[in-house]
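Student:
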Amino acid sequence: MMLVPLKRRKLVLSKGNTGVDGGDIVAAKFPQVVLFLLERKMGASRRTFLSQLGRRKGFQVEEQFSKKVTHVICENNCAEDVRTWLASQGGEQAEVHLLDISWYTESMRAGHPVHMLDRHELQELQVDKSEVVVFSVPAYACQRRTTLENHNTTLTDALSLLAENAELSDEDGRGVAFRRAAAVLKVLPSAVKSTSQLTGLPCLGGHSLRVIKDVLENGSSSEVESTKGSEQYKALKVLTGIFGVGAKTADRWIREGIHDLRQLRDSGHALNRAQRAGLEHYDDINQPVSKTEAAAIEELVKKAVASVLPRAQVVMTGGFRRGKPSGHDVDFLITHPEEGREVGLLPKVLSWLQSKGFLLYQKTTRNSYLESKEGPGRPPSSMDRFERCLSIFKLLRTEKQAAEAPQDVMVNDVQAEGEQKSDESSRPEQTAAADRRWRAVRVDLVVSPISQFAFALLGWTGSKLFERELRRWAGYEKSMCLSSHALYDNNQRRYLRASSEEEIFAHLGLEYIPPSERNA
Ligand code: CTP
Ligand code: MN
Ligand code: MN
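Just so we're aligned, residue 13 is where the sequence shown starts under the working numbering, counting upward by one.
1) Between the alpha carbons of E431 and R264, how many angstroms are there, rounded?
2) Which residues does DSSP pair with E7 in a beta bridge?
3) What would DSSP say about M492, mapped onto helix, strand or coil?
4) Report the option in D447, V84, V459 and L200 whose CA atom is closest to the CA atom of L160.
5) Sorted by chain position, which residues of the same chain lie with C-beta nearer than 6 Å to S380's C-beta, five sequence neighbours on each side aside?
6) Select from C401, G369 and Y500 the residue whose C-alpha is nearest the C-alpha of V458.
7) Checking the sheet assignment: what are the DSSP bridge partners for I516?
8) Whole angstroms is fine: what's the gap from F9's alpha carbon to E311's?
9) Can you determine whether any heavy atom of ligand 2 sits closer than 6 Å to the C-beta of G290, and answer yes or no?
10) Quick one: grab the DSSP three-state call for D182.
11) For R454, count neighbouring Cβ atoms within 10 angstroms of its own Cβ and tell me buried if that reaches 16, exposed if not.
12) Report yes or no: do three or more beta-carbon pairs, one from the stretch 356-371 and one from the stretch 498-513, lie closer than 8 Å?
13) Is K314 near ligand 1 - that is, is its Cβ less than 6 Å away from at least one heavy atom of it?
14) Using DSSP with H/G/I as helix, E/B as strand and the rest coil, what is Y500?
15) Determine, using beta-carbon pairs with one atom in the stretch 165-182 and one in the stretch 108-123, whether at least three such pairs fall under 8 Å.
16) Based on Cα-Cα distance, which residue from R157, E133, H340 and E74 lies nearest to P527?
17) Relative to ligand 3, what is the chain-ordered list of residues with a Cβ closer than 6 Å to any of its non-hydrogen atoms?
18) Could you pull out every residue in the same chain whose Cβ sits closer than 6 Å to the Cβ of F77, ignoring the five residues on either side in sequence?
19) Would the beta-carbon of V320 fall within 7 Å of that of L345?
20) Should P300 go down as buried or exposed, given a rule of 16 or more other Cβ atoms within 10 Å for buried?
21) Taking the CB atoms as reference points, tell me whether A193 and S220 lie closer together than 7 Å.
22) Per DSSP, which residues does R451 bridge with? Please list them.
23) Work out the CA separation of G256 and H281 for me, nearest whole Å.
24) Just verifying my parser: in three-state terms, what is the DSSP assignment at S338?
25) Distance, Cα to Cα, I254 vs A446?
26) Jot down the residue ranges of each uninterrupted alpha helix (DSSP H) in the stretch 133-220, minimum 4 residues, whole runs only, in chain order.
27) Please state whether DSSP places E351 in a helix, a strand or coil.
28) Are the beta-carbon atoms of L494 and R509 separated by less than 7 Å?
29) For A414 and R448, I'd like the C-alpha separation in whole angstroms.
30) Please check the pair K240 and L171, which I expect to be a contact at CB under 8 Å, by giving their CB distance rounded to whole angstroms.
31) Using the Cβ count rule (16 or more neighbours within 10 Å means buried), how would you classify E87?
32) Is any heavy atom of ligand 2 found at a distance shorter than 6 Å from the C-beta of G339?
33) Here's the rule: buried if 16 or more other CB atoms are within 10 angstroms of the residue's CB, otherwise exposed. What is K412?
34) Do A262 and L276 come within 7 Å of each other at the CB atom, strictly closer than that value?
35) Under DSSP, the beta strand (DSSP E) around L372 begins and ends at which residues?
36) Kindly list the residues whose CB is nearer than 6 Å to the CB of A247, restricted to its own chain and excluding five residues on each side of it in sequence; keep chain order.
Shown next as C-alpha cells:
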C-alpha cells in the first residue's frame, strides 16, 4: 500500500467517502465510487467517450442507473432537473452525489476521485446569461407605478434608512439620491438576486450599488448597521421627533451635547411655541396615526368646515390618500366651488375647533401666492404659498380605543426603554397615554381656491419623491414649471389650466398615475 501524502489524503477523505487512493488494480481501484453519466444534454456519443475514458483510468462507470450508483455526473443540467430525473428512476431517496462534469474531468486528470468542492455541485438554477432577468425601468418616478408593496423590502429599507439619515444630517442631495435608488427598486417585478440584474437601471449610483451588493451578499449592509447604531443618528431621530425641530436645530443641540429629551429640558434652552407643544405631546406625535384615527379627524374637520361654510369641500390628501395604513400626520385640502369664497375660511374653521376644545396647537400661514408675481422666470419652489395651518389636534378616544391604548407607548424605536421610562417619570405634567381619554395628532390643513385645486391636490398627495420627480420631469423634459398652484409652459409662455389631476398629467405628457401608485 502506497503512503498517501497527508495533504492529499485530507482532500480525498474530508468530504464523505469520495474515494480512496490505492494501488493499480483497475477493476476495484475506487470501490466506493460508482459513477453514472447522464446522457441528457451531454449527448450519447460524448457520454460513451467519457465513460470509456473513466473506465480506462480505473473508475467504475455504469451503463444503467441503479441503486449502486453513488455519483451522477451531468453536463449543462441544473440540480432541479436532475432531481426530477432521479425521482423518475426511483432514486430520490438514494444518497447520490449530483456533480458537474468538471468534477469528472478533474478526477480523470488527477487519476483519482478529487475532493468535491462547491463549484462541482450542480447549480440550483441553470445559469444561462440569457436567462438572467435584467430589469428595465423608466428614469422618472412619475413615469412609474409605485404601490405600497414591493419585492425588495430589505434593499429598499436599507436605502431608505440611509436617505433618512442624510436628510436628518441636512444633506438633502445625498438623501434624494438614496430615495431615488430605493424608488427604482420598489418597482422591480421580482426580488433582485444579483447586481448584474441592475445593469442599465437609472438612479443607481456607486454608493447605492455598494449598499445593495452588501445586502445581497451578506444579508445586511455594514453602513446601514453602523448608522442605525450610531449615537448621532439616534440623537437626531429623538430630537427631530419633536414637532418644530428640524435637522439644523437638532444638529446644533447635539454639538452642545444634547442627545435626548431630558438633556434638552435640563439645558434650559428657550423653545419656541411649536417646540414646546412638540415636547409636551412628544409620545403621542411619535405614535403613528391609524386609518381609523385619520377617519375620525376627517369627520371632525368636515363638521367644522360645514358649520362655517356649508358648500366648502374637504379632501384628505398626503399618505392616507395614497392608501397608507398609517401616517405621521393627517393632511387635508379645503376649497370652495365658487372662486374666492374660500378666503377667510381657515380662521373660522380654527375658531370653531378651538371653541370645542379640539385644538392643542395651531399656527396659520397666510396665502402669499400671486400669479402675476410668480412669473415664468421664478424657479419652481417646493414650498407653496397657500393659506395653511400646521396643527395638533386633540382626538377623543372611543371607549374601545382607550382600552386598546398601549400601556407603555414606544416613542421611537431607537430610544431605549429605560430612557423612555425615566423620561415619563420626569414629566408628571403629561398623563400616561393609557390613562387619557384623548391623544394628540398632527394635522395639516391647506386652503386652495378652486382654480388651483387640481394642482394643490396633486402637490399635497405626495409622495415627496413623486412630487419632486414630477417637477423635475416638467422642467427637464417639458420646459414647464410645475408647482402646487399652477403649471407654466416656458415655450408657449402661458399657464396651462387644469381642473383635474388627469389633465395635469396629460399636459405633462405623462400617463395618469392614481394616488395609490404614487408611493415612490
Ligand atoms: N407638502 C408640501 N409642502 C410642505 C409640506 C408637505 O407640499 N411644506 C406636501 C408633500 O410634498 C407631500 C404632502 O404634502 O406630498 C404630504 O406631506 P407629509 O404629510 O409630510 O407626508 P405624507 O406623504 O403624508 O407621509 P406621512 O404619512 O408620514 O404623513
Ligand atoms: Mn402626511
Ligand atoms: Mn403633512
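Idealized CB from N, CA, C, for every residue including glycine.
Tutor: On the basis of the coordinates in this document:
1) Caution is warranted here: a pLDDT of 43 is assigned to E431, below 50, making its placement in the model unreliable, and the coordinate value is therefore given only provisionally. CA-to-CA, the gap between E431 and R264 works out to about 22 Å.
2) It is not possible to answer for residue 7, since the shown part of the chain is limited to 13 through 532.
3) Assigned with DSSP and collapsed to three states, M492 falls in strand.
4) The shortest Cα separation from L160 among D447, V84, V459 and L200 belongs to L200.
5) If the five residues before and after S380 are omitted, its C-beta is found closer than 6 Å to the C-beta atoms of R397, all from its own chain and listed in chain order.
6) Across the set C401, G369 and Y500, the C-alpha of C401 shows the shortest separation from the C-alpha of V458.
7) Looking at the DSSP output, I516 bridges to nothing.
8) This structure does not reach residue 9, given that the chain is present from 13 up to 532, and the question cannot be answered.
9) G290 Cβ: outside cutoff for every heavy atom of ligand 2.
10) DSSP places D182 in coil when its eight states are reduced to three.
11) When all chains shown are included, R454 counts as buried.
12) No contact exists between the stretch 356-371 and the stretch 498-513.
13) K314 Cβ: outside cutoff for every heavy atom of ligand 1.
14) In the structure shown, Y500 sits in a strand (DSSP, three-state: E or B).
15) No: fewer than three Cβ pairs fall under 8 Å.
16) Per the Cα distances, R157.
17) Residues close to ligand 3 by the beta carbon criterion (under 6 Å to any non-hydrogen atom) are, from first to last along the chain, G330, D341, D343 and D456.
18) Excluding sequence positions up to five before and after F77, its CB lies within less than 6 Å of the CB of F48 and Q101, all in the same chain and listed in chain order.
19) Not closer than 7 Å, so no.
20) The residue is exposed, with fewer than 16 neighbouring Cβ atoms inside 10 Å.
21) Contact: yes.
22) BP columns for R451 point to L407.
23) If you take the alpha carbons of H281 and G256, they lie about 14 Å apart.
24) The answer is strand: DSSP assigns S338 an E or B state.
25) Their Cα atoms are separated by approximately 21 Å.
26) Listed in chain order, they are 165-180 and 184-198.
27) If DSSP states are grouped into helix, strand and coil, E351 belongs with coil.
28) The Cβ atoms of L494 and R509 lie no closer than 7 Å to each other.
29) In this model, A414 and R448 are separated by some 7 Å (Cα to Cα).
30) That pair is no contact at about 13 Å.
31) Burial call: buried.
32) Flag set: Cβ of G339 near ligand 2.
33) By the neighbour-count criterion, in which a residue is buried when 16 or more other Cβ atoms sit within 10 angstroms of its Cβ, K412 is exposed.
34) No, the Cβ-Cβ distance between L276 and A262 is not below 7 Å.
35) Here the beta strand (DSSP E) through L372 covers L371 to T377.
36) A distance below 6 Å between beta-carbons, with the five flanking residues on each side excluded, links A247 to the following residues of its chain, in chain order: I266 and H271.
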